[in-house]
Every structure is written in structure tokens, then in C-alpha cells.
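*Asks:*
2 protein chains.
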Amino acid sequence: MRFIVADWGTTRFRGYLIENETVLDQVSSDEGVSALQKGQHRDVFLRQCGRWLQAEPDAPVLLVGMVGSREGWVEAPYATCPAGPAEIARALVPVDLGEGRKGYIIPGLFCEPAPGAADVMRGEETLVLGAGIEDGLICSAGTHPKWILMRGGRIERFATYMTGEMYAILREHSMIGRPATEPEDPKGFDLGLEAAERNAGEARVGLLHLLFSARASVVSNRMHSSLLAPYLSGLLTGDEINGALAQFGRPDSVTILAAPERAELYVHALKRHGIKAEIKDTQQALIAGLARIVRQHALG
Amino acid sequence: MRFIVADWGTTRFRGYLIENETVLDQVSSDEGVSALQKGQHRDVFLRQCGRWLQAEPDAPVLLVGMVGSREGWVEAPYATCPAGPAEIARALVPVDLGEGRKGYIIPGLFCEPAPGAADVMRGEETLVLGAGIEDGLICSAGTHPKWILMRGGRIERFATYMTGEMYAILREHSMIGRPATEPEDPKGFDLGLEAAERNAGEARVGLLHLLFSARASVVSNRMHSSLLAPYLSGLLTGDEINGALAQFGRPDSVTILAAPERAELYVHALKRHGIKAEIKDTQQALIAGLARIVRQHALG
Chain X
301 MRFIVADWGT TRFRGYLIEN ETVLDQVSSD EGVSALQKGQ HRDVFLRQCG RWLQAEPDAP
361 VLLVGMVGSR EGWVEAPYAT CPAGPAEIAR ALVPVDLGEG RKGYIIPGLF CEPAPGAADV
421 MRGEETLVLG AGIEDGLICS AGTHPKWILM RGGRIERFAT YMTGEMYAIL REHSMIGRPA
481 TEPEDPKGFD LGLEAAERNA GEARVGLLHL LFSARASVVS NRMHSSLLAP YLSGLLTGDE
541 INGALAQFGR PDSVTILAAP ERAELYVHAL KRHGIKAEIK DTQQALIAGL ARIVRQHALG
Chain W
301 MRFIVADWGT TRFRGYLIEN ETVLDQVSSD EGVSALQKGQ HRDVFLRQCG RWLQAEPDAP
361 VLLVGMVGSR EGWVEAPYAT CPAGPAEIAR ALVPVDLGEG RKGYIIPGLF CEPAPGAADV
421 MRGEETLVLG AGIEDGLICS AGTHPKWILM RGGRIERFAT YMTGEMYAIL REHSMIGRPA
481 TEPEDPKGFD LGLEAAERNA GEARVGLLHL LFSARASVVS NRMHSSLLAP YLSGLLTGDE
541 INGALAQFGR PDSVTILAAP ERAELYVHAL KRHGIKAEIK DTQQALIAGL ARIVRQHALG
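These protein sequences, in sequence, are chains X and W.
Heads up: the first sequence begins at 301 in the working numbering, then just goes up one per residue.
Heads up: the second sequence begins at 301 in the working numbering, then just goes up one per residue.
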């Protein structure tokens, strides 16, 4: 089965022509959702992917990611966890591509991790459904890493951490990151993981304290400034993992969906907890997830 | 006894002529440490306070705050906790005011909250020594709130939290604060304190998750956008208090040194933990602390 996909995030547009789980052709541009105004989305899509629409008049068209957010093409209301391919396919939101053709926006997911609390995702639901995990814990680690509990092939619940964005704002906008120097000494990452252990269990001292303490270690000459940036990364990653293990229990293994360099840091950090980690390719997972949803949509 | 003081922070210069604990005269300007280059400090001090030096030829001169940091007039090495007026007076660092006159920079304090970990303060040590607490817990709440354990009239140890700065960068530079709208609904502060309780004890979910969850609550229409900013403030304050109570135990009461509006938020938050809080005036505490150090210096 051939289908056409736009993986349309905040900063990037990526189009794919797919047959089963093989990419036949692809395009990409910086026409992410944040670069566009209301009303521009159809034109961008037709310019990038119009030739596939004409060549494949029967191919279903799926759109995934922030394209379904309030700032996107059409807001696709979140589906609620637990959710698998069937629930997601039922909640697809159509958009008009012209000449009687429709595209379908994949809705994000909402979950209530505690009474009154909320968490959301847009895009990762598709990735995760393509990871081949029926039961288990997945970490999809981008700017806002998400830990996702799979049960019976559906997304049972999940928790998002602002780890990557926090690291960026601490480096760019905070007093905490200011003493950091380059070249970085990667040994700082492990020191940061160790520091995060002070924030686990009952003896927890608070992440806001550990962050200040990182700076204090440098200005009091207890830590070299070249260690600070990797230390902050390790501290934030370690605190994320502490929280995820507290929320989802302590599995034997975790599946990591992330760029290779970042994924290796999670493997390393989880090893300290005695947890194995298996890295899977994100693009492959995305396409497999899209294929599952498109098949389900065709059935429905 | 008359003495002359510069309370010289990152952004402000404040000069005082003091008799015992009464302010006889004062000046202030925006010539904070961050606005000055090396070599400019004496000129600024003489221009602001020179007339007091001439009128009071025998008055001791103390300088307190970031003026003793690496970016200040002269770096005053941190004294190490535990430290009281005697230890601090012994570690004063002289600077030359001309015509044979000297000023003395009050050193900051260093403490090691855990093996290999570090925390520092500059300025708060003086404030805290003037709070009139021999034994007990003090919270000095500015941009980087500090929780300080007093024992036998000395600063036993302390922990700093980047709460205020974190709030500012989340509002100004992060996706987390972007959906916040005004006018703010102050009820959000209590909702944030409640959320922080999910990060206390063994069930802790992680501050990085709770921060993302705040945004998720708004974009999924579970929380009104006018609640978001006070919610973030409550969440950060609550997490700070969780950490401080875990580090310093759970006292019957805490002394708060902070601007009145901020101090009231701490009183409110601590009440939820069944802890009484007494607010003390920060300027009065600073001057009392200076008086203690100046007396000790005169003795030595």
C-alpha cells in the first residue's frame, strides 16, 4: 500500500511517499508550523507533495505532529489514553486538499497522570506505535522527552519532561550556565548523574538546589568550568530518569527512540540503575507507526 | 558606634551611615557590580560616601555583597561553614580607600551540603546574623532563596534554590510559560503548591515533568491560561520547600527574610505543612548583622 505523509513539526516540514514501510521519495523544508500563518498550510503541502498526489490518486494522506496544534493547519483535539491505532484512526481530523482529496491529521494524545493533572503529546504517539513494543516502557527523547507505558499494544499513559529545553535555557539565559567553558569535558555528565542521586528517594534535596549547587561548585573552585555544561546535562537527565522510574516502576529494560548520540547517554544513565536499554531508529519507528494508522484507517 | 557601609550587589549600590542600629543617612545608585569595570570601585565609593568618610574619620567601613566576588572590587575568598561573626570578622578583606583609610569586604560563605557538593552565599550571611536567631531555620528569599540552619549563633549550613531565577526564565524564555495570560489569577499559586506535593516523598514524579504538565494543562483546556504564571510560581516555591524540609527537617517555625509580598507567599505555603513562619524586615536584619560584624572586628 502506498501512502503520502507530512511529518510537520514546529520548525521542519518533512514529506514522504511510502510503500508499506519503505520510503520511495522524500522532501523537507524549514516551513515548520511556527513559520506559517493560518491559511498557508495547504499551499505549502501542495507545493511540496502535489506531484505525489497526482501520481498516486488513491494514496491516503496523513499529517502528523504540530500541524494539528492550535497554531497548525486545523486543531485536532487530543485523543485520550489509553489509545492504540484504532482509537487514533477513529479520531483523525480531515483537511481539504482540493479536487475532492482529503488529508487526515493524526490527533495528539492527552493523559491524566494524576487527578487534575495533564500531559499531552503530538507526533510521538505515531512514533511509539511503530516501535514494535506491545508491553513495556519507551523513552522518546527529544527536546521534551516522553516516557510512555505500553500495555496490550496501546499507549496506557505517559509523562513528559522538559529536560532538553531546560538545558538550553540554562545555557543561554541563566546565571547557572554562565561559568561554563569550552571545550567541554564529557566526564561532567557522570558527575551530574551522581548529583541527581541526591534527589532520589526520601533524601531528595530539590532540583532547584542541585542546579544552583552546580554553579556554586565552579565559582568556589571545586569543579572545573569545562565540566559544567555536561554536568548540567547529566543532572537533568538523571533527575528525569529518577522521576520516570518513580512513576512507571523499575523495568528490566527500556526502549529508547532518539538520535544516536543522545540515545547513548540514556543507555549509559540507565545502566547505572541496572536497566538495559535498546535503541531504535526514530524514522523507521515513525513510518511503521504511520503504516499501522493508515491500515487501521483503511479498515475503518 | 558610627560606621559606614556599602551594600553592593549585582545591580544596586546602597551606602549607609549608621549609628548603632539606626540609619543616619543613606545613598543609592544603579552602580551595581555588573555595571562596573575593575578599577572603578574606589571612585564610585568615594563619590557616594566620601563626605561620610571625612565627617567620621574614625568610623569603620564595611562592604557587603557581590562587591567581594570575582567580578567585584577585590575577590574575598569564601569563609567556610560553620561560621559566625567571629569567623567572618577574621576573614574580612581590606581595600584601600586612600589617605590611609581602609574598608573591609565581608567574605561570602561556602558550605559542603554533601561530600563533593558545594553551596555559596554573598551578603545573606550578614543579613542572617542580624535576624536574632541563635538556633533555628531561616529562609532568605530573593532571586536565589537560601535556607539557612543556625546553631549556637553561627551559620551551620545552608542550601540555595534557583526558584526566582527559574520563574523568570520560564516566563521569558521557555515554551512552558508562553501560554500564560494576564490579568493573572492568584488562585493558581495554590494549585501549583498542590502540584508540588506530587514531587514530595517517595512518589516523586520530577519537577521537569510537573513544569511540562503545567503547560499541558493549559493547552488541553484543563486549566485557564490566567492561572499559569501563579501556578508556576507555586510549583517552584512548593518544590523548594519540599527540598528544604527534606534537608533541614521539619521545624515548628521558620524565620522569613524577604520583601513583604514574597514573604507572605512563604507564610502561606509553609502553613500547608503545619509550619509557622515569622517575617522579619530585611534592611533591619542587614544593619543588625553589620553591627555585629563591626563590633567583632573592633574587638579583634
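In this text, a Cβ means the ideal position worked out from N, Cα and C, and glycines have one as well.
Please compile the residues from chain X whose C-beta is within a distance smaller than 7 angstroms of the C-beta of S273/W.
*Replies:* As shown, chain W starts at 301 and ends at 600. That puts residue 273/W outside it, with no answer to give.
*Asks:* Give me, in chain order, the residues of the same chain whose beta-carbon lies closer than 6 angstroms to that of T311/W; leave out the 5 immediate sequence neighbours on both sides.
*Replies:* G332, listed in sequence order.
*Asks:* At a Cβ threshold of 8 angstroms, is S474/W touching chain X?
*Replies:* For S474/W, the answer is yes, since a Cβ of chain X falls inside 8 angstroms of its Cβ.
*Asks:* What does M462/W reach in chain A if we use C-beta pairs closer than 7 angstroms?
*Replies:* This model lacks chain A altogether, as its protein chains are X and W.
*Asks:* Is the shortest distance between the beta-carbon of I448/X and the beta-carbons of chain W less than 8 angstroms?
*Replies:* No, its Cβ sits nowhere closer than 8 angstroms to a Cβ of chain W.
*Asks:* So, is Q340/X buried or exposed, given that buried needs 16 or more other C-beta atoms within 10 angstroms?
*Replies:* Q340/X is exposed by the Cβ-count criterion.
*Asks:* Kindly indicate if chain W contains any beta-carbon less than 8 angstroms away from that of M466/X.
*Replies:* It does; some Cβ of chain W falls within 8 angstroms.
*Asks:* Enumerate in chain order the residues of its own chain whose CB-to-CB distance from H597/X is below 7 angstroms, with the five nearest sequence positions on each side excluded.
*Replies:* Excluding positions up to five away in sequence, the list reads P360, A389, L392, Y404.
*Asks:* Is there a C-beta anywhere in chain W that falls below 8 angstroms from the one on E540/X?
*Replies:* It does: the Cβ of E540/X has a partner Cβ on chain W nearer than 8 angstroms.
*Asks:* Please confirm if H524/W has its CB atom under 8 angstroms from at least one CB of chain X.
*Replies:* Chain X contact via Cβ: absent.
*Asks:* For G400/W, return the contacting residues in chain X, with the cut-off set at a CB-CB distance below 9 angstroms.
*Replies:* Simply none; closest approach about 33 angstroms.
*Asks:* Can the beta-carbon of L491/X be found closer than 8 angstroms to that of L532/X?
*Replies:* Result no, Cβ atoms of L491/X and L532/X do not sit closer than 8 angstroms.
*Asks:* Going by the beta-carbon positions, is the gap between G436/X and T555/X smaller than 8 angstroms?
*Replies:* Against a cut-off of 8 angstroms, the Cβ pair of T555/X and G436/X comes out as a contact.
*Asks:* Any beta carbon of chain X sitting closer than 8 angstroms to that of S517/W?
*Replies:* It does: the Cβ of S517/W has a partner Cβ on chain X nearer than 8 angstroms.
*Asks:* Of all Cβ atoms in chain W, is any one closer than 8 angstroms to the Cβ of E371/X?
*Replies:* Output row for E371/X: interface = no.
*Asks:* Between A546/W and chain X, is any beta-carbon pair separated by less than 8 angstroms?
*Replies:* Chain X, which has a Cβ nearer than 8 angstroms to the Cβ of A546/W, makes this yes.
*Asks:* What does the alpha-carbon distance come out to for the pair E578/X and A559/W?
*Replies:* The alpha-carbon atoms of E578/X and A559/W are separated by roughly 51 angstroms.
*Asks:* When the Cα of L397/X is compared with those of S329/X, W447/X, S525/X, P357/X, which residue comes out closest?
*Replies:* Residue P357/X is the option with its Cα nearest to L397/X.
*Asks:* Please list the terminal residues of the continuous alpha helix (DSSP H) segment that includes C411/W.
*Replies:* Careful: C411/W lies outside any alpha helix (DSSP H), inside the beta strand (DSSP E) at 409-411.
*Asks:* In terms of alpha-carbon separation, which member of T460/W, L599/W, R401/W, E561/W lies closest to A544/W?
*Replies:* Considering only alpha carbons, the answer is T460/W.
*Asks:* Could you please give me the residues that DSSP links to I304/X through a beta bridge?
*Replies:* Note: I304/X sits in a beta bridge opposite L317/X, V361/X.
*Asks:* Are there three or more Cβ pairs, one per stretch, closer than 8 angstroms when the segment 415-424 of chain W is compared with the segment 440-455 of chain W?
*Replies:* Cβ pair count under 8 angstroms is three or more, so yes.
*Asks:* Under three-state DSSP, which class holds R471/X?
*Replies:* R471/X: helix per DSSP, three-state reduction.
*Asks:* With a 10 Å radius around its C-beta and 16 neighbouring C-beta atoms as the bar for buried, classify K580/X as buried or exposed.
*Replies:* Classification for K580/X: buried.
*Asks:* Tell me where the alpha helix (DSSP H) around W352/X begins and ends.
*Replies:* Note, W352/X: alpha helix (DSSP H), 341-355.
*Asks:* If the cut is a Cβ gap below 7 angstroms, which residues of chain W does E425/X touch?
*Replies:* Neighbours of E425/X on chain W: none; closest Cβ ~14 angstroms, over 7 angstroms.
*Asks:* Please determine, among R515/W, P483/W, V323/W, the residue with the shortest C-alpha to C-alpha distance to H444/X.
*Replies:* It is R515/W.
*Asks:* Quick check: is the beta carbon of A598/W nearer than 8 angstroms to any beta carbon in chain X?
*Replies:* Not one chain X Cβ lies under 8 angstroms of A598/W.
*Asks:* Under 9 angstroms, CB to CB, which of the residues in the segment 487-502 of chain W have a partner in chain X?
*Replies:* Cβ contacts with chain X come from L491, E494, A495, R498, N499, A500, G501, E502.
*Asks:* Below 7 angstroms on C-beta distance, what does R504/W contact in chain X?
*Replies:* Those within 7 angstroms of R504/W in chain X are R504, G543, A546.
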